[in-house]
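Heads up, the thing below is written out as structure tokens.
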Amino acid sequence: MLEFSIRLRTMKIHSIQGMHDILPGSVELWQKIEVATRSLFRLYGYAEVRTPILEEQELFSRSIGQETDIVQKEMYTLAGHRGKTITLRPEGTASVVRAYIEHRLDREQLLSKLYYIGPMFRRERPQKGRYRQFHQLGAEVLGSDNPAIEAEVIEMLTRLLEELGVEDVRLLLNSVGCPECRPGYVQKLREALEDNASSLCSECLRRMETNTLRVLDCKVPACQPIIDPLPSIQDHLCQTCTEHFAHFIEYLDLAGITYEVAPRLVRGLDYYIRTTFEIISDRLGPTQNALLGGGRYDGLSELLNGPPTQGFGFALGIERLVLLLSRQEDLEGTYAPPEPELFLAYPDKATLGEALLLARRLRQDGIFVYVDFGERSLKAQMRLANRLRALFVCVVGEEEVDSGQFSLKRMSDGVQQKLPRDAIAEHVRQAV
Ligand code: AMP
71 MLEFSIRLRT MKIHSIQGMH DILPGSVELW QKIEVATRSL FRLYGYAEVR
121 TPILEEQELF SRSIGQETDI VQKEMYTLAG HRGKTITLRP EGTASVVRAY
171 IEHRLDREQL LSKLYYIGPM FRRERPQKGR YRQFHQLGAE VLGSDNPAIE
221 AEVIEMLTRL LEELGVEDVR LLLNSVGCPE CRPGYVQKLR EALEDNASSL
271 CSECLRRMET NTLRVLDCKV PACQPIIDPL PSIQDHLCQT CTEHFAHFIE
321 YLDLAGITYE VAPRLVRGLD YYIRTTFEII SDRLGPTQNA LLGGGRYDGL
371 SELLNGPPTQ GFGFALGIER LVLLLSRQED LEGTYAPPEP ELFLAYPDKA
421 TLGEALLLAR RLRQDGIFVY VDFGERSLKA QMRLANRLRA LFVCVVGEEE
471 VDSGQFSLKR MSDGVQQKLP RDAIAEHVRQ AV
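The sequence shown begins at 71 in my numbering and counts up by one.
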């Protein structure tokens, strides 16, 4: 028993499978994505919303749909207070709409444009591009059924990807119809599938009964000859849906955005109606190739007991964006720590306090100051300053402190200059 507990204590603790640390060296790219997102989304009138990571489970089962993969098998759920079941959010839209209803944002009578950036959780089988904790950035527009807003969202997204330097992506579009026309199509689909049921994979068989549209999503090669010739939803849309889709495409044409109509694009969440879209990249591999996806979800607010509200939005997987943008050297983890503008060296412990005081003053002036706490000799501190590629080194010795004159050495050429305390910051700043 004792041996067992010692063994337990010496065992390494790792991060949970499918959940990853984002370390310096990679995090800079994440920050770049976030900064680009925030500044671009502002230009389109979006405000950030931050919702809790835990929500009542019913929020997701009601909105995403009881028969979806997410709700059936992928949610991290735990016991909450008073018999309530709570869930780590698997996506962002349901929470944003819940917040919209809860805080009566509809009262403003204005179009609500909201965006979020944050972690999501799904108990999926981890593989490249598919994780159990992943991050999404997404935007939602509440209060408009105008297809022009859909094109505007897509224009914003294509611009974001362009600004970040993402290449070789394809925009896929479809309409999944509405409660008027979809049931008729689903019926036709089911009939066509029943004729071939014996050749379908087990997942398709299950979906055929529970969520027929999702059969169109199947990637199993043996199912493709059956799925390819199935009736197309594009041929079964009602007039309103057909017109909506045609207008949407007109606005995309106007913005010069290229796209492909993909009648098999149905997406994995039940709340979509009419427009759905994805941006995919073959560089993400054959199965997890969707960089982002979204669509229209009029009716979701009512489903959550909110006021009638039209909605349109998307979510982009940040890990997949990072995969597309990572250069080889990022992947190899050649992280270089930031280069100090000024390295303050001190001969012994007696002057550490003075060095810290000076560092504090200079940092107040916006200078990146490095002070070593390794109790190294002055020589070793100089070596460290070199290794860190500091721009200047300044020794804070008793003599310097007493005289108030400090000697700054420019590391690139060894040139030294004596300066009073108050002139140091300006001198460094001019060189940066
Ligand atoms: P969804 O919320 O399923 O529509 O997914 C939107 C986007 O989130 C996808 O296109 C992916 O980029 C990303 N995503 C979804 N699930 C995962 C996952 N398990 N791991 C990594 N990214 C994901």
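Think of the CB as a built atom: it goes at the ideal place given N, C-alpha and C, for glycine as much as any other residue.
From a predicted model like this one, the values you see are computed outputs, not experimental measurements.
Simplified DSSP assignment, three categories, for residue i
i, result
"VAL285", "helix"
"SER477", "strand"
"HIS205", "strand"
"VAL336", "coil"
"SER96", "coil"
"GLN87", "coil"
"VAL502", "coil"
"PRO408", "coil"
"LYS488", "strand"
"CYS464", "strand"
"VAL166", "helix"
"GLN197", "strand"
"ARG390", "helix"
"ARG108", "helix"
"GLU445", "coil"
"GLU496", "helix"
"GLU126", "strand"
"ARG453", "helix"
"PRO377", "coil"
Residues that DSSP places opposite residue i in a beta bridge
i, result
"GLU469", "DSSP lists no partner for GLU469."
"PHE504", "Within the shown structure, residues of the chain are numbered from 71 to 502, placing residue 504 beyond reach of any answer."
"LEU241", "ILE349"
"GLY188", "GLN206"
"TYR440", "PHE413"
"LYS183", "VAL211"
"VAL119", "Note: VAL119 sits in no beta bridge, so no partner."
"THR147", "THR157"
"GLU264", "Answer by DSSP bridge pairing: none, since GLU264 is not bridged."
"GLY355", "According to DSSP, GLY355 bridges with nothing at all."
"GLY383", "GLU210, GLY365"
"LEU330", "Strictly speaking, residue 330 in this sequence is Glu, with Leu absent from that position. Beta-bridge pairing links GLU330 to LEU242."
"ALA360", "ILE350"
Residue of the options minimising C-alpha distance to residue i
i, options, result
"ARG433", "SER447, MET452, PHE413, LEU448", "PHE413"
"MET190", "PRO417, VAL211, GLU125", "GLU125"
"ARG193", "PRO249, ALA316, ALA415, MET89", "MET89"
"LEU373", "GLN87, SER133, PHE111", "SER133"
"THR121", "ALA164, ILE83, ARG480, LEU148", "ALA164"
"SER109", "VAL441, MET226, PRO295", "MET226"
"ARG174", "HIS314, LEU300, SER371", "SER371"
Inter-residue CB distance, residue i and residue j (contact presumed, cutoff 8 angstroms)
i, j, result
"ILE156", "GLN127", "6 angstroms"
"GLY363", "PHE384", "6 angstroms"
"LEU283", "VAL336", "5 angstroms"
"ASP238", "SER351", "6 angstroms"
"GLY381", "GLU118", "Actually they do not touch by this definition, with Cβ atoms about 17 angstroms apart."
"ARG459", "GLU409", "4 angstroms"
"ARG390", "GLY150", "Incorrect: roughly 31 angstroms between the Cβ atoms, too far for contact."
"ILE388", "GLU411", "Not confirmed; about 31 angstroms, so no contact."
The segment 202 to 220 contacting the segment 260 to 278, beta-carbon criterion three pairs below 8 angstroms: no
I want to know whether the segment 306 to 316 touches the segment 243 to 251 - three or more CB-CB distances under 8 angstroms. yes
Under 8 angstroms, with one C-beta from each stretch per pair, do the segment 227 to 242 and the segment 415 to 435 reach the 3-pair mark? no
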